[in-house]
Each structure stands twice: as structure tokens, then as C-alpha cells.
Amino acid sequence: MIGQGGVPKLWWTAQELANAKLPGLPTVKRKVNEFAQKRGWAFEVDAAGLPLARARAGRGGGLEYHRNLLPPAAIAALIKRGLDTPAEVEPATERTRDQLWGWFERQPEKVQAEARERLTTLDAIEQLAAAGHTVTSACAIVAADRKVGVSTLYEWRKLVRGVAPSERLPRLAPMRQGCTETAEIHPDIWTIFKSDYLRPEKPTLNSCWRRARDAASKAGIEVPCAKTFQRRIERETDALVLARLRGGPEALRRMVPALQRSVLDLHALEAVNIDGHEWDVRVDFGPKEDGSPDIGRPMMVMIQDVYSRKVLAWRIGRSESAGLVQLAFADLFRNWGIPGHCVFDNGRAFASKWITGGAPYRFRGKELPGDPLGLMNSLGIQVHWTTPYRGQSKPIERAFGDLERNVGTHPAFAGAYTGRSPLHKPENYGAKAVPLEAFMAVLEQGLAEHNARADRRTEAAKGRSFDIAFEESYRASIITKATDADLRRALLAAEKVRADKPQGAVTVFGNRYWDVWLTDHAGKALTARFDPENLHQPLHLYDHHTGIYLGTASVDDPAGFFSAEAAKRQAKRVADARKAAAIAIEKQNLVDAAAVARAYAGETPETEAPSPAATRPARVKGGAALARIAEPARRPLIDRLNLEDLAPQRAARPALRLVED
């Protein structure tokens, strides 16, 4: 393509290059653009510092690339076709204002900052010249002040001589030529290097380059320096690809900004989140059974209000357990009320069926159709599970960090603080262990200070304390208060059991429980509620299907073979059973077998004559007699009278009669 006046075509679009089908270049527009991007054509300049790429005029935009950017084989093909001349054609030395500023904006911040510094220096020279100094003296003064050579100042002045002030800044930018061509890397060596570098083990670039260099030398292939490999891997590899292959899925996820959640649509106690935290403090829990001290790091289960971030309930134990979680919830229900939502961690203590049984999407345990509802579902609390190992999805994690910084490093714990990891152990690590009572006292003070501290920058606090934010919303909200039954559910664990036949005994964790009334429920499914920390306490039993409370049953411990006390207890249980059976039999109003036989023989069983509502004298001829006459219509009035003594005595008649034919 020869331009007007026989001048060879200097500027080529990606589409034109694709259509020309030149050797060394792709034949598809998209591939040409990728080819140009990989080689950095948009940032290339000529020997004079002029850009070799410019904005394409016309609809659609894009870039046009100078003829000098094309591979030698492509230029040779253009010359062979008569579309170019053998002599190298230099681009025009003058650039438009848009080209200047477009090139300047693509430069790194270091280049732009140096251009601004040069412009400030030249402005200082002009100010001195305007004040009466000669250019020579002004340059000398500024050179001495800014530690710049005088000849350098003259060179800068030449760059902007006769140039409008609006174009001075890009012209003063340093146009260091550097290397205009990128060293070629053999495709096979590049593939080996890239596959080695983009591994989860995260090898260093230099080690990968050395291995690639050694492999290339054996094959007789020369490779450029490691810096060339680094520039190419940075230029051609997406940041997302680099994060995924070297860092894994979690590193790729961190490339996406975290979700920002607002709590302004909530109110106090509408939602809470709970989690466990092991303190970095050595605590003495008291002597063990063998007398040795029981020293370890205490585990805290804490419940925090999502809206205000106030800590509402907490419990300390030796380890994280479902029982500890239940006690924390019992404190929450007793002191504040029942929340509507709860955000749970995926730990075993929280995913226990005693706590969240029946909740969907539990990550632990096998859900069985007959399992009893856990504490949350039985109270109507909606359960929300957090993603495992994702601390940012739980606001309570920040509270744990704040408490460790303020309470864990308290002076009272000097020598007992362990540090957050083995790499952060203090010099006096293991010097002592704090008694449990002392630890609890300091922790309680620290939690109170945590809630009362002002200048909190959360959405709800707005510079106030967590206490004030919670109280303000709590007073203006509708709160569900806990009943005694709710507290019993909170304090006791639930387990589905089946009463044995025929006695009705119930077995929980190897312990057998029984009471007389359980015989009526033999073979039935029941829900047992109990204290998991004390299985010798009475068992509370409910109907599994209706949830109706039935009663308690005591533990039935095995006894020694010759235990007299156990024999007495057994005799008492048998006597109690007999007594209960006698009372139940008496309530049945049964008749003897003879009466049943008479009924089967067709005779009316002998029964006591019914009492009428009232009696009155009857006057008949031949004498007066008393007759019992029922007056149903007057029954309500006569019912108040006691005229039973007036009833005549009926002669007894034999039960059986002999009839002779």
C-alpha cells in the first residue's frame, strides 16, 4: 500500500495487518492485537523518543502501529510486494498535542514526577529572569540551589523553546530509549520455565530460570537473562492466573474485594453470632485426680450481638463442647431474651445435634429423620452457617483479636502469656500459670471495658460505645423473653430414645433410667433431656411426637452382687410398683368373676337400685303407701334433698332358680 504521492504507508491498523497476511504476523485481527500487546507495541518509541503507536482516527478507535514495529520478515515481504522501500522510513518528528499527552499518560509515575520537577525548575529560572537576573545568572543560581548541572538546565530549556505552556510538561518527560527489541525465548524453553514457575510450591523466578537455562544449554539453545523472563511473565500472565496457580483457590478469592454488609436494617438482639476462642494464657484449673496441677489454655464460648457488636454472654471451660455452648445460650436467654437469628461456626460443638439438630445445611453429623430438634430449632431461632476457615464472615473474630490485645497481655498475666503462635512467644514464656479465679476476674473486667469503650466506629455505634448502641436499640425493639421451659431446653441436651419392652427403661450413654410410670410408654419413642456434664441427674422425658412433658426418671446404677442396700432399693421399687398397680386397679371399677359369669348367662347382674330424684306419698284405696316416683322435671330442685332413708327395702331374691318340667 503506497500512500499519496508515492510515499510508503507508515501506519497500519490491526485489521490491515491481518488482511496483508505478512510473514511473522497473525492473519486474524484479534490475534494481531494480542501479538502487539505481548510485545508492548503501544509503548515503543523511536530513537528520538517519539511513539511508534498512535490513536486511530475515525469510528471505532483503536491504535495504529508504525511500519518500524513490524518483524523484519514482514517488512521484507512489503518491499517484495512493492508496498515499501528498502530505505528505513523514519516517522514524522512532530507530534500533535493529543499524541504528546497520550504518550505522557502512559508513562510510569516516576517519569511523570521527573517531568514535573523539571518544569518547576524552569519556572524558577523564569521568575529570576523576570526579577532582573540574566538567564546565565538565573541558571547558575537555580543549578546551585537544586544541585543540577548548568548544562542540563540549558538542555531542558531547548526542549520547550517556542512550545506553548500547555505542551511543556510532556516534552520535559525523560525519553530514555532503552531496549526497543525484546530478546526472543525459545518456545519450548518458555513452556518449561512457565510450567515450573506457575506451581503451588511457589518456586523463585531465579531458580526456575537457572533450571531452564541448564536444560537449554544441553539442547544447544541460548536463553536471555532472568530479567527478560521476569518481564515476559509479568506481561503475559494474568494476575488472576498467577494467584490461582501459585496461591490456590483461596488466593484467587482474596483477589475479589470482600462483601460489605450493613447492619442498619437490624435491631438489638435480632441476630447474634457465636464462636469459640482459645486464650493465649496459661491457666491453672486446679489439681487433677492424681494431685498434679491441671494447666492449660482456657476455651471461651462467646455470644455477640451483630447489630451493636456488644458481647452479651460468655462461658469458660477446659475445651469447646456442646455443654459449654448451651450454658452460654442459657445466660443469653436468661439475661436478654431469645434472638431471631444466630450465625454459627462449623465447629463440632456448634454443629452438634443438641444445638442445631434439624437445621438445614449442617456440615457435621448425619441427619436422621427421627432425630429430635436441637436447641435452636425448638426455640424458633434461624441458624446461619459461615463458610469454614472464613474469619471475615464473622464479626466476632475482630472482638477476639481486640480482647487478646487488651486482656491477654494484661499485667496480671505476665509470665503466663503464650503469644499468638510459637513464633511470638515472649521471653518469659512458661514462667507461671494464672489461677482460674484470677483469670476469670480479669476477663470479666476486660469484657466490661470492651463493651463500654467509647469512640467505636461501627455503623450502629457511630463514635459511641457498644453498650450505648445496644441499649438504645434494645429499648425500642420487641424482644422475646425466655420462659422456664425455654431455660430448661437451653440447659439440657436432647436425645431421641426408645423405652424398652416391657419395663419401659430408657438408656442414654450407657446409663439406664427408669421409673414406675415408664411402663405405660414401653416401646414408644421419647425425647430425653439431660445435663451432659452430669448424667446421674434425673432424666426429663417428653413425648417425641407431640413434645408433651411426661416426667423424670432416675438413673439405675449397677449394684454389687452381694449389696444389701441395692437389694433394699430393689424391694422398694417392687413395692412401689405394686402400690401403683393397686391404685390403678381400684380406678378401673371392676366386678368379680361371678358377676361376669351371670352377665354371660343372660341374667342382669345384681346391682344396687338407683335412687330417684325425690319421693312423695301416694294415696290409694285400701290404705296409704309410700312409693318411689321419679320426677325428672323437678330433678334440679330435689337433688338437694336426702330422702334415701325413705326407700323401701327390697327382698333379696336368689341368684338361680330350678325350673321343673
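In numbering that gives the first Met the number 0, the protein residues as written are 0 to 660. We put the beta carbon where it would ideally sit given N, CA and C, even for glycine. Since the structure is predicted, the reported quantities are computational estimates derived from the model, not experimental observations.
Cβ pair Ala327, Ile302 closer than 8 Å: yes
Where Met301 falls: helix, strand or coil (DSSP): strand
7 Å CB neighbourhood of Asp466 in its chain, flanking five on each side removed: Lys309, Asn450 and Ala451
Those runs of the beta strand (DSSP E) which lie wholly inside the segment 229 to 269 and span at least 3 residues: none
Member of Gly509, Ala447, Trp102 and Val505 whose CA lies at the smallest distance from the CA of Asp519: Val505
Span separating the alpha-carbon of Arg38 from that of Pro70: 11 Å
Enclosing beta strand (DSSP E) for Tyr548 [first to last residue]: Tyr548 to Val554
Local Cβ density within 10 Å of Ile477, reported as buried at 16 or more and exposed below that: exposed
The segment 163 to 175 contacting the segment 102 to 119, beta-carbon criterion three pairs below 8 Å: yes
Whole-Å CB distance - Val305 paired with Val342, under 8 Å assumed: 7 Å
Met298 to His276 span [Cα, whole Å]: 6 Å
Three-state secondary structure (DSSP) of Pro421: helix
Collapsed DSSP secondary structure at Tyr416 in the structure displayed: strand
Beta-carbon contacts of Arg314 that lie in its chain and below 6 Å, excluding the five residues immediately before and after: Val300, Leu323, Leu326 and Ala327
Neighbourhood of Lys424 by C-beta distance below 6 Å, restricted to the same chain and skipping five residues each side: Gly418
Close beta carbons around Arg167, own chain, < 7 Å, minus the five adjacent residues each side: Leu118 and Val159
Contact set for Phe438: own chain, Cβ-Cβ below 6 Å, skip 5 residues either direction: Val282
Residues near Pro501 by beta carbon distance below 6 Å, same chain, minus five either side: Ala521
8 Å CB neighbourhood of Gly407 in its chain, flanking five on each side removed: Trp278, Asp279, Val280 and Tyr416
DSSP-derived helix/strand/coil call for Tyr428: coil
Ala430, buried or exposed, once every other Cβ within 10 Å from all chains shown has been counted against 16: exposed
Arg209, DSSP secondary structure in three states: helix
Residue closest to Leu263, alpha-carbon to alpha-carbon, out of Ala527, Arg252 and Phe469: Phe469
Boundaries (first-last residue) of the alpha helix (DSSP H) holding Glu443: Leu435 to Ala451
Presumed contact (8 Å Cβ cut-off) between Leu378 and Ile337, rounded CB distance: 6 Å
Reference Ile140, options Ala72, Asn32 and Leu121, closest by Cα: Leu121
Buried versus exposed, by CB contacts within 10 Å (16 or more), Ala86: Residue placement at Ala86 is poorly supported in this model, since its pLDDT is 49, which falls under 50; the coordinates are not used for a value here.
Tyr541 vs Leu549 beta-carbon contact at 8 Å: yes
In chain order, each alpha helix (DSSP H) run of at least 4 residues that lies wholly inside the segment 100 to 159: 108 to 129, 134 to 145 and 149 to 158
Status (buried if at least 16 other CB within 10 Å, exposed otherwise) for Ala76: buried
Cβ neighbour criterion (16 or more within 10 Å) applied to Met254: exposed
Straight-line gap, Lys578 to Ser553 (C-alpha atoms, nearest Å): 19 Å
Test: Val255 CB closer than 8 Å to a CB of chain D: This model lacks chain D altogether; it includes just one protein chain.
Counted within 10 angstroms of its Cβ, other Cβ atoms place Phe529 as buried (16 or more) or exposed: buried
Three-way DSSP call (helix, strand, coil) for Lys28 in this model: helix
Cut-off 6 Å between Cβ atoms - residues of its own chain near Glu63, not counting five sequence neighbours on either side: Trp10, Thr12, Arg53 and Arg55
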